[in-house]
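Undergrad: Residue numbering for the sequence shown follows the numbering used here, starting at 234 and increasing by one per position. Handing you this structure, nothing more for now.
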Amino acid sequence: MIIESNLDSLLERYKNSFIAKEYPDENDDHDILMKVFGITPELKRENKQYWGRELGKLWESLVIEACRNLPSFQPALKIDNDEPCDLRVCRLAIDTKYRVGSGDAGTLKKFKAYGALLKEHEYNPVFLFLREDNLPAAITACRQGGWTIYTGKQSFDFIKNISGFDMEEYLTNRVQSYLINR
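Right under this line is the structure:
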């Protein structure tokens, strides 16, 4: 049958693609949040999505808390059903990300659209990434959307500059202080 032949060709093409797929070496980098909790790369690899989501939510909460007492602090901007940023300080619309590893079209389109949306509301969009191993295509999409991007040490310097609080020193002083014993 023609349908079965076409389906077999499709399956064969994917099989060959799967065989040819090369995986980069596992990421053994430790970031400051991992060090605070004693999270090893091995533990993180057990469930990357879980750890990425939870560490991302923590990063967001830490940045918000560092800025909360600023006179110009405002919470996330809600536009219809969207929250294109996590907090606002002066005319800065700040969004926090642990890292960005997704290069799917929907994610990239959202980054571009949110940057433009924030600019329409007269904000300067700023991304604060904790990690530096972000997907280049996603970073490019953010820049195309008008975002100013800070990663790693740059993010900590930015936080210190706008809030006066040295988050990097604070977290460094808490390395291994909240160990996860499982």
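Ideal Cβ positions, reconstructed from N, Cα and C, are used throughout, including at glycine.
(1) Looking at residue 308: is its Cβ nearer than 8 angstroms to the Cβ of residue 320?
(2) Is the beta carbon of residue 347 sitting closer than 8 angstroms to the one on residue 289?
(3) Can you give me the start and stop residues for the alpha helix (DSSP H) that residue 376 sits inside?
(4) From this set, 312, 238, 317 and 405, which residue's C-alpha is nearest residue 386's C-alpha?
(5) On the DSSP bridge assignment, give the partners of residue 390 in chain order.
(6) Would you kindly work out how many angstroms separate the C-alpha atoms of residue 326 and residue 282, rounded to a whole number?
(7) Quick check: the segment 374-382 against the segment 344-361, are there 3 or more CB pairs under 8 angstroms?
(8) From residue 284 to residue 318, what distance separates their C-alpha atoms?
(9) Quick check on the burial criterion: 16 or more other C-beta atoms within 10 angstroms. Buried or exposed for residue 252?
(10) According to DSSP, what are the bridge partners of residue 315?
(11) Cα separation between residue 390 and residue 397?
(12) Could you give the residue range of the beta strand (DSSP E) that holds residue 356?
(13) If you follow the beta strand (DSSP E) that residue 269 is in, where does it begin and where does it stop?
(14) Could you please give me the residues that DSSP links to residue 328 through a beta bridge?
TA: This is what the structure gives:
(1) yes
(2) no
(3) 369-377
(4) It is 405.
(5) In the DSSP output, where bridge partners are listed per residue, residue 390 has none listed.
(6) Straight-line Cα distance between these residues: approximately 26 angstroms.
(7) yes
(8) 21 angstroms
(9) exposed
(10) 312
(11) Using only the alpha carbons, I get a separation of about 10 angstroms.
(12) Looking at the DSSP string, residue 356 is not in any beta strand (DSSP E), and its letter there is neither H nor E.
(13) Careful: residue 269 lies outside any beta strand (DSSP E), inside the alpha helix (DSSP H) at 265-270.
(14) 360
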